[in-house]
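Down below is the structure, laid out as structure tokens.
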Amino acid sequence: MTTTAIRRPRSLAPSTTRGLLTCGILAGPVFVLTGVVQGLTRAGFDFTRHPASVLSNGSLGFVQITNFLVTGLLTIAAAAGIRRVLPGRWGPRLLTVYGVGLLCAGVFRADPQDGFPAGTPAGPPASISWHGTLHFVAGGVGFAALVAACFAIGSHLTPARTWYSRISGSLFLAGFAGVASGSTSPVVTLGFWAAVVIAFAWLAATSVHLLSRGESR
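Just remember that this note's numbering sits 115 ahead of the position in the sequence shown, which is counted from 1.
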């Protein structure tokens, strides 16, 4: 008795992979631009005092919640695309964990703090809610996975891109460590914003590189 394997058309896999990798290019601009526009237009928000997470509060909080959810899905899609073109499995898995962390960050809202939204007392929250705790846990797990993904995915790239991946992961780790320490210094807060941009720039650059490498074959 013989069986016949069902194969996908040759054109389907490359086009699907290109679409998934394109999600990796879009994730950063979507997250950063949406966050920056909100930060510039919402009363009481200060880039030197507030992380993007607090934008999930207030009457327009749904915008940032949606931003987390959309970016999480784009990141998970990018991880699936990277898995199709690189031999390693841990890197895409870790990047998927980061994407899931973004989804959880959207579901579990951060607590209001330090004057945002308008009317919130200055300083950190007097107490941490259950959803604020889960937001922090999801962020911590997701950020750790992102750092590890930079190293794991970078190990399968050219030497120059390996170092770029390692440096990007290290800078993001430094930025996250700063805010995780509880420091309210404007330098630390702005440093974390910069770290987020660096990490998403790495994801976009890696996705572009893998796209161009596939098209050159």
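Where a beta carbon is used, it is the ideal one built from N, C-alpha and C, also for glycine.
Keep in mind the model is a prediction, meaning the values are calculated, not measured.
- Setting aside the 5 residues that flank it on each side, Ile197 is surrounded in the same chain by Pro207, each with a C-beta closer than 6 Å to its C-beta; the list follows chain order.
- For the pair of segments examined, the stretch 156–175 was found not to touch the stretch 128–144: the number of CB pairs separated by less than 8 Å stays below three.
- Between Ser244 and Asp226, the alpha-carbon positions lie close to 7 Å from each other.
- Counting the other CB atoms within 10 Å of its CB gives Trp308 a total of 16 or more, which places it among the buried residues.
- In this structure, Thr186 sits near Val145, with a CB-CB distance shorter than 8 Å.
- Within the DSSP bridge table, the entry for Phe231 names Gln228 as partners.
- Counting every other CB atom within 10 Å of its CB across the protein chains shown gives Ala241 a total below 16, marking it as exposed.
- Separation of Gly238 and Ala260 (C-alpha to C-alpha, rounded to the nearest whole angstrom) is 29 Å.
- Counting the other CB atoms within 10 Å of its CB gives Trp317 a total of 16 or more, which places it among the buried residues.
- Put simply, the stretch 252–269 touches the stretch 284–292. At least three CB pairs are less than 8 Å apart.
- Residue environment analysis places Phe177 among the exposed positions, since fewer than 16 neighbouring C-beta atoms fall within 10 angstroms of its C-beta.
- Collapsing the DSSP output to three states places Phe160 in coil.
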